[in-house]
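End of the sequence shown sits at 101 in my numbering; the numbers just go up one at a time, nothing left out. Some notes on the structure that comes next.
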Amino acid sequence: MNLSGNITIYGEIRGSVSTHGSVQLAKDGKIFGDVKATAIQMNGYVEGDIYINGTAELLSNCELVGDLRYKVLNIQDGAQFSGRCEIINSEVDSD
7 MNLSGNITIY GEIRGSVSTH GSVQLAKDGK IFGDVKATAI QMNGYVEGDI YINGTAELLS
67 NCELVGDLRY KVLNIQDGAQ FSGRCEIINS EVDSD
């Protein structure tokens with residue numbers, strides 16, 4: 007799924023998500039695939055690698071299984087993360 011704007015996900019997506027905007031994953035939202043975006047706010051489940059040009063926020067109900075590349079990372083108490091994380095200095099191509 008290639009987008010140019012912001013997206014909020016309440017259901018389930020199987021496949022990659024790529025946008026020049028931000029991704030907001032609701033508490034019951036699920037993504038099975040990679041995500042590329044300028045920012046992400048996760049409060050649901052992600053199984054895949056995430057590449058963020060800006061801020062990645064793992065909220066209290068988030069469960070991430072995969073690697074995370076970001077410029078800024080915020081993790082709330084209760085968030086679960088299984089994978090590697092890496093700070094990036096250059097922009098990630100979201101195409």
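Even glycine gets a Cβ: it sits at the ideal position worked out from N, Cα and C.
Are residue i and residue j closer than 8 angstroms when you measure CB to CB?
i   : j   : result
T44 : G27 : yes
V71 : I56 : no
G50 : I19 : no
S66 : G89 : no
E92 : R75 : yes
Quick one: grab the DSSP three-state call for residue i.
i   : result
R90 : coil
Quick check on residue i: buried or exposed, where buried means 16 or more other Cβ atoms within 10 Å of its Cβ?
i  : result
M7 : exposed
Can you find the residues in the same chain that come closer than 6 angstroms, C-beta to C-beta, to residue i, ignoring five residues on each side of it along the sequence?
i   : result
C68 : M48, N49 and A85
Within a Cβ cutoff of 8 angstroms, which residues of the same chain sit near residue i, ignoring the five residues on either side of it in sequence?
i   : result
A32 : T14, I15, Y16, N49 and G50
Apart from the five residues on each side of it in sequence, which residues of its chain come closer than 7 angstroms, Cβ to Cβ, to residue i?
i   : result
G60 : T44, A45, K77 and V78
Tell me the residue span of the beta strand (DSSP E) that contains residue i.
i   : result
Q30 : S28 to L31
May I ask whether a heavy atom of the ligand MG can be found less than 7 angstroms away from the beta carbon of residue i?
i   : result
I13 : Only the bare structure without any ligand can be found here, which leaves the ligand MG out of the picture.
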